[in-house]
Amino acid sequence: MAIKRRASTFLALSMTTALLVAGCSGGGESEEPAESELFKNPVTLTWWHNASQDGVGKEYWAKVAKDFSDKHPTVTIEIEGIETNQLQRTRLPAALLSNDPPDIFQAWGGGEIREQVEADYLKDITEQVKDEVANIGSAAEIWAVDGKQYGLPYRMGIEGIWYNKDLFEKAGIAAPPTTFDELNDAVTKLKAIDVIPIAVGAGDKWPAAHWWYNFALRACSVDTLRKASLENVFDDQCFVKAGQDLKAFIDTKPFQNNFIATPGQNDPTSANGLLANGKAAMELMGDWNKGTLDNVAADKEAMNKFIGWFPVPAITGSAGDPKAALGGGDGFSCAKNAPAECVEFLKYIVSPEVQKGYAETGTGLPVAKGAEDGVKDPALKSILEATTSATYVQLWLDTAFGSTVGNAMNDAIVAIFAGNGTPEKVVEAMKAAARK
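The sequence shown lines up with residues -22 to -1, 1 to 414 when you count with mature numbering (1 follows the signal peptide of the UniProt record, and there is no 0).
Below is the structure:
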C-alpha cells in the first residue's frame, strides 16, 4: 500500500556558504545504551551506499569505514555499493518492507524520508546529533520530519549543465548559454559540426525526468512549487506547460540517438560516458557528476582540461524565478533497530575531517562547516558559487513529492521522451498517485 506524505520539502532560502561549506528492522523502540557502554561489545554494521562503480568515491567510503573500525575495533562494517536507481526503487524498499534492512543506508530526505518515518522504518537520532545538525545548518532540515532528525546529509548542491569547453569553441559558442534561446542556438551550432549536443540517460528514467523538473522550475512560481511540495496539489497549469516546453525541446532533437535506452552513469556508453569521452557536448546533472565522469573517462587528464559547468538557463518571460535552481543532496539514515554504533558512524561521516576528505575526492560538495578547503575542482567551485547565489533552491521533485508521486511522475515524463506520452498525462499521473 502506498504511503501518503505531506512534507515541507523545499529549500526556501538563499543557499549560503555556511549551508554548504559549512549511525535493523521494524519493531518496537530499543533502549539506547549509555555512552559509556558504546563500543564495548562486538557489533557488525551493514552499510548500503550508491557509490557502486570502482573509483575514488567507492574507495573513499571504504577508507572511511576502515578508519572508523580502526578507531573502534569492536565495530565491523560490511559495505555494499548499489547503483542509485536499483537502490532507491527496488533494493531498499524491498529490504525495508521485509524487516531486514541494512543498518545504515542512503537516504534522500524530503517526501521519501517522511514516508519511511510514517512506516516506522527509521531511528530517531535527534538527541544524538544536535552538534552535527548545528554545524551542517539548514540542509539538515531535509532529513528531518516534524522537528525530529532521522538522517544527515553529507553532500548538497544544485544541478546544472556540464559541458565540453573544446567542443563549444569548435562550434563557435563564445560563452555558456544563459537563456534557453541561447541553449537552442548552441544545439544548432553543435549539430553543424556533427557533435551530439546533449547526452541524456533516459534508460534510467530520472536523468530524463530532471529536464521536466527544470522546465517546471521555470514555468511555476515559487509559491506554486511550495504548495505542491507541501500538499501534493498539481492544479496549476504551469505543470502542463512544463511538459509542453519539454516536448518542444525534445522536438529540436538535442539528444543522442537511442537516448530512450541509454543508461545514465554506468560506463563509456552511458550518457555521462558520452560527455566524458568527447562524444557529446553537454549533460544535465548534479554536483556528484564529476566523480562519475572520472570513472568513465578513457583519458581522465584530458577530460579534466575540457570539462566545465554552467547553471540551467532561464526562459525569457517565464513565471518562475530565473535565478532559482533545482538541487538536493545525499545522506544516510539508520534503520530503527540498528545498534547505537550506527548513529556514531553517521556522525563520523559528517565530521569536518571526513567531509573535507570527501570534498577532496571531487565527487560532490560537502555540507559540514570546516570542510570548504577540500573543494579544489574548478567545476565544483563554480557549482558552489552558483548554489550560494541562487535565490531559491527547489529540492528534486521526485524526492520532494515522495516516491509514490515521484515514480509515477518520472514514468510519465519518460513516456514523453519515448514519444507516447503527453504533458497532460504527466499531471494526471501525479494526481492519481497523490490520491493513493
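By construction, the Cβ of each residue, glycine as well, lies at the ideal position given by its N, Cα and C atoms. It should be emphasised that the depicted structure is a prediction, and the values quoted were computed from it without experimental measurement.
Three-state class that DSSP yields for residue 127 in the structure shown: Three-state DSSP puts residue 127 in a strand.
Just the C-alpha distance for residue 227 and residue 277, rounded to the nearest angstrom, thanks. 32 Å
Does residue 91 come out as helix, strand or coil in the three-state DSSP assignment? helix
If you measure between the beta carbons of residue 364 and residue 241, is that distance less than 7 Å? no
Among the residues of its own chain, which have a CB less than 7 Å from the CB of residue 248, if the five just before and after it don't count? 179, 240, 241, 242 and 274
Locate the alpha helix (DSSP H) running through residue 330, then write down its first and last residues. Segment 330 to 338, the alpha helix (DSSP H) holding residue 330.
Should residue 433 and residue 311 be called a contact, given that it needs their Cβ atoms to be closer than 7 Å? Residue numbering for the chain in the displayed model covers -22 to 414; residue 433 lies beyond these limits and cannot be assessed.
Given residue 218, which residues of its chain have a CB within under 7 Å of its CB, disregarding the five upstream and five downstream residues? 401, 402 and 405
Mind pulling the beta strand (DSSP E) runs of 3 or more residues that sit fully within the stretch 358 to 411? 370 to 373
Count the other C-beta atoms from every protein chain shown that fall within 10 angstroms of the C-beta of residue 8, then say buried if there are 16 or more, exposed otherwise. Residue confidence for residue 8 is low, a pLDDT of 44 falling below 50, so the modelled location carries little weight; the figure read from the coordinates is stated next. In the assembly as shown, residue 8 is an exposed residue. Its beta-carbon has fewer than 16 other beta-carbons within 10 Å.
Return yes when at least one heavy atom of the ligand ADP lies under 6 Å from the C-beta of residue 242, else no. The ligand ADP is not part of this structure, which contains no ligands at all.
Report the residue from 16, 56, 69 and 104 whose alpha carbon sits nearest the alpha carbon of residue 314. 104
For the beta strand (DSSP E) holding residue 142, just list the boundary residues, first then last. 138 to 142
Taking residue 308 as part of the beta strand (DSSP E), name the residues at either end of that continuous run. 302 to 312
For the beta strand (DSSP E) holding residue 175, just list the boundary residues, first then last. 174 to 177
Just how far apart, CA to CA, sit residue 50 and residue 320? 12 Å
What residues match up with residue 84 in a beta bridge as DSSP calls it? Bridge partners of residue 84: 310.
Where residue -18 falls: helix, strand or coil (DSSP): Low per-residue confidence applies at residue -18: pLDDT is 31, beneath 50, and the placement is therefore not dependable enough to give any value.
Name the DSSP bridge partner or partners of residue 53? 21
Assuming residue 375 and residue 387 are in contact, meaning their beta carbons sit under 8 Å apart, how far apart are those beta carbons, in whole angstroms? That pair is a contact at about 7 Å.
How would you label residue 75, buried or exposed, when you count the other beta carbons within 10 angstroms and need 16 or more for buried? exposed
With a CB to CB cut of under 8 Å and the five nearest residues on each side skipped, what residues in its chain are close to residue 5? For residue 5, the predicted model reports a pLDDT of 38, less than 50, meaning its position is unreliable; a value from the coordinates is still stated below. Here the set comprises 77, 314 and 315.
To the nearest angstrom, report how far apart residue 48 and residue 266 are at their CA atoms. Straight across, the Cα-Cα distance linking residue 48 with residue 266 is about 28 Å.
Please state whether the Cβ-Cβ distance between residue 412 and residue 371 is less than 7 Å. Against a cut-off of 7 Å, the Cβ pair of residue 371 and residue 412 comes out as no contact.
By the 10 Å Cβ neighbour count, where 16 or more other Cβ atoms means buried, how is residue 163 classified, buried or exposed? exposed
Using the Cα positions of residue 306 and residue 397, report the straight-line distance between them to the nearest angstrom. 29 Å
In the DSSP assignment, find the beta strand (DSSP E) that holds residue 261 and state where it starts and stops. 258 to 263
Given residue 268, which residues of its chain have a CB within under 7 Å of its CB, disregarding the five upstream and five downstream residues? 340, 341, 355, 357 and 358
Taking 7 Å as the limit between beta carbons, can you name the residues of its chain near residue 43, skipping five residues before and five after? 25, 55 and 57
Below 8 Å, how does it come out for the stretch 279 to 299 and the stretch 109 to 129: are there three or more Cβ pairs, yes or no? No: fewer than three Cβ pairs fall under 8 Å.
From 335, 246, 94 and 362, pick the residue whose C-alpha is nearest to that of residue 79; which is it? 94
Opposing strand residues paired with residue 59 [DSSP bridges]: 27
Would you identify the three-state DSSP class for residue 413, choosing helix, strand or coil? helix
Buried versus exposed call for residue 20 [16 or more other C-beta atoms within 10 Å across all chains shown]: exposed
Tell me whether residue 416 sits in a helix, a strand or coil according to DSSP, three-state version. For the chain, the structure presents residues -22 to 414; residue 416 sits outside this window and is missing.
Those runs of the beta strand (DSSP E) which lie wholly inside the stretch 188 to 238 and span at least 3 residues: none
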